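Numbering (the working numbering), first residue to last: 118 to 685. All C-beta atoms, glycine included, are put in the ideal place defined by N, C-alpha and C. These figures come from a predicted structure and were not determined experimentally. So the structure is just underneath, and the comments pick up after that.
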Ligand code: NOJ
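What follows is the structure in structure tokens.
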């Protein structure tokens with residue numbers, strides 16, 4: 118099947134295509150990347166100190182998860198000041214140095230914008246608490262009176278995304294809405310000052326040379342809170358058709374249309390990618406070129422390592438991206454989910470219809486007796502390498518998460534005392550949360566923190582991290598890091614044009630696709646080796662540019678991806 122390439126018609130393909138359409142974007146979780154000042158928390162100067170590593174990796178852009186002042190109630194997604202650097206992580210001057218160091222290596226910089234909620238330490242929220250009920254300051258957030266005697270019952274029974282009630286009571290008896298942690302009060306997007314302030318923030322970072330923005334929960338900003346407020350059960354039963362009171366409302370796109378004016382007032386235009394957990398059919402609204410321009414799809418990340426699931430995900434999402442004139446995005450790991458090397462090394466738990474077991478933190482491992490007895494590390498890493506090469510060959514942008522280039526696994530057995538994620542605490546430990554993918558990176562095989570910093574690490578690293586150290590992998594030809602470097606280096610030649618053509622392989626386990634410039638990618642998702650000549654109909658005469666495992670003769674091993682360079 119051929120996916121129609123809309124990009125040329127829109128003047129967006131070829132040499133002049135905007136950089137973001139087919140970029141490899143590397144996500145950095147700043148507190149866990151590199152710690153220059155040895156306080157146990159990664160920092161901005163730490164990232165700068167690794168600029169050569171990032172340059173050698175061959176990525177096109179770095180996306181920085183929040184580095185703003187924060188009490189870290191939700192790993193920095195509780196922002197106390199949108200236009201500053203957390204003093205624990207450095208200064209604005211450090212940030213400028215980082216941008217300069219990355220730009221000097223041809224790497225763009227994307228920062229995270231968290232508009233649905235601020236931190237409860239934000240000056241607006243402190244002001245709202247002090248100013249009392251009915252004040253203009255409270256109107257920047259969502260305050261309501263409670264119900265029942267003395268208003269001691271929350272305004273509604275709404276549940277926060279991290280578990281527990283979505284309302285918190287303040288000293289004078291009013292309640293405020295927090296869709297996530299208690300420390301993350303939702304902002305009131307009906308308030309003109311809120312809107313104006315985010316425009317100021319976008320300009321602030323754009324003026325500092327930032328190239329693009331990742332928009333946190335982009336589908337939740339605007340809300341219809343007219344009385345009577347519905348119950349949680351009523352909310353759950355309502356269609357998400359643009360008129361739902363809380364989610365994916367049509368009017369959120371008025372916000373993004375305004376932001377688009379801001380992005381386009383820069384040369385080159387600033388970019389944005391939406392994190393929007395919405396019905397597929399509505400994703401193009403976010404990816405629209407009049408809106409944010411691109412949207413994440415998390416379908417690959419939710420798929421099992423299985424040929425048909427991957428094929429459907431790719432076909433559907435390319436079609437969807439074409440609808441909005443955008444390019445597709447692909448993600449296998451990020452700071453919210455179990456690392457893909459680990460997901461693929463666990464037994465498939467069996468999918469409930471519509472269920473999302475892989476992404477739901479691999480919770481099954483706890484229910485069935487702990488991760489280690491069930492985790493096949495080597496299989497997980499092997500499949501992860503194959504899936505990554507499959508992804509990096511696809512048209513569109515690939516978003517990579519720090520540490521996946523090392524084949525790093527989830528740290529599944531963090532002690533309860535060490536955990537930080539509010540999901541763990543608000544679910545009384547039932548949900549392990551996301552700390553396991555946020556443990557600081559191992560740079561060297563030894564040292565107190567494996568080269569992360571001079572002293573302790575804010576989340577403890579297990580002894581086995583030594584086996585994944587970047588410094589060891591750098592000099593090793595067959596390491597996962599070397600594979601990522603080769604793939605990202607070759608990727609620029611591969612990513613011309615935005616088409617993909619599936620080629621039949623006569624095997625249910627093997628996917629094969631061709632790019633317009635003749636590059637081909639073949640993945641064997643099965644465990645049994647297959648005859649390459651057979652699945653490529655003689656394609657073996659061509660040059661193998663790269664493979665996720667060593668190839669001998671005409672045999673494609675199980676769980677392996679091969680890149681074929683174009684015929685000369
Ligand atoms: C999505 C982010 O990826 C996640 O880490 C965060 O907890 C929530 N949004 C709330 O900001």
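*Give the single residue among 134, 660, 133, 141 whose Cα lies nearest to the Cα of residue 514.*
141
*What first and last residue would you give for the alpha helix (DSSP H) that runs through residue 606?*
597-611
*Using the Cα positions of residue 624 and residue 424, report the straight-line distance between them to the nearest angstrom.*
10 Å
*asked:* Rounding to the nearest angstrom, what Cα-Cα distance links residue 501 and residue 457 in this structure?
replied: 6 Å
*So what does DSSP say about residue 188, is it helix, strand or coil?*
coil
*To the nearest angstrom, how far is it from the Cα of residue 317 to the Cα of residue 579?*
42 Å
*So, helix, strand or coil for residue 181, using DSSP?*
strand
_For residue 212, the nearest candidate out of 439, 163, 668 (CA to CA)_ = 163
_Tell me the rounded alpha-carbon separation between residue 444 and residue 222._
24 Å
_Bounding residues of the beta strand (DSSP E) (the contiguous stretch that carries residue 284)_ = 284-286
*Is it right to say residue 382 is buried, meaning 16 or more other beta carbons lie within 10 angstroms of its own, or is it exposed?*
exposed
*Please list the segments of the beta strand (DSSP E) lying wholly inside the stretch 626-683, counting only runs of 3 or more residues, in order along the chain.*
627-631, 637-641, 661-664, 677-681
*How about residue 144 and residue 630: are their beta carbons less than 9 Å apart?*
no
*Helix, strand or coil: how does DSSP classify residue 390 here?*
strand
*Which full runs of the beta strand (DSSP E) of 3+ residues lie inside the stretch 377-442, going along the chain?*
388-391
*Is the beta carbon of residue 250 less than 9 Å from the beta carbon of residue 281?*
no
*Along the chain, which unbroken stretches of the beta strand (DSSP E) at least 3 residues long are found entirely within the stretch 172-254?*
178-181, 225-230
_For a test of the three-state rule: what should DSSP assign to residue 474, helix, strand or coil?_
A caution first: residue 474 carries a pLDDT of 43, below 50, which makes its placement in the model too unreliable to give a value.
*Label residue 666 either buried or exposed according to how many other C-beta atoms from any shown protein chain fall within 10 Å of its C-beta, with 16 as the threshold for buried.*
buried
*Is the Cβ-Cβ distance between residue 507 and residue 380 less than 9 Å?*
no
*Does the beta-carbon of residue 467 have 16 or more other beta-carbons within 10 angstroms, so that it is buried, or is it exposed?*
Low local confidence applies: a pLDDT of 49 at residue 467 is under 50, so the model's placement there is unreliable, with the coordinate-based value given in what follows. Its Cβ having fewer than 16 others within 10 Å, residue 467 is exposed.
*Tell me, please, which residues DSSP counts as bridged to residue 447.*
515
*Between which two residues does the alpha helix (DSSP H) carrying residue 316 extend?*
309-324
*Three-state secondary structure (DSSP) at residue 329?*
strand
*Excluding the five sequence neighbours on either side, which residues of its own chain have a C-beta within less than 8 Å of the C-beta of residue 605, listed in chain order?*
141, 174, 175, 176, 509
*Starting from the Cα of residue 298, find the closest Cα among 440, 195, 244, 498 and give me that residue.*
195
_Any heavy atom of the ligand NOJ closer than 8 Å to the beta-carbon of residue 570?_
no
_I'd like to check one pair, residue 397 with residue 364: are the Cβ atoms closer than 9 Å?_
no
*Selected residue, minimal CA-CA separation from residue 321, among 655, 209, 549*: 209
_For residue 371, the three-state DSSP class (helix, strand or coil)_ = helix
*Take the Cβ of residue 355 as the centre, count every other Cβ of all protein chains shown within 10 Å, and call the residue buried at 16 or more, exposed below.*
exposed
*Express the C-alpha separation of residue 260 and residue 236 in angstroms, rounding to a whole number.*
15 Å
*Below 9 Å between beta carbons: does that hold for residue 393 and residue 336?*
yes
_Contacting residues, own chain, Cβ-Cβ under 6 Å from residue 575 (five flanking each side not counted)_ = 157, 158
_Under 8 Å: does the beta carbon of residue 185 sit that close to some heavy atom of the ligand NOJ?_
no
*Take every Cβ of the stretch 673-684, pair it with every Cβ of the stretch 628-642, and state whether three or more of those distances are shorter than 8 Å.*
yes
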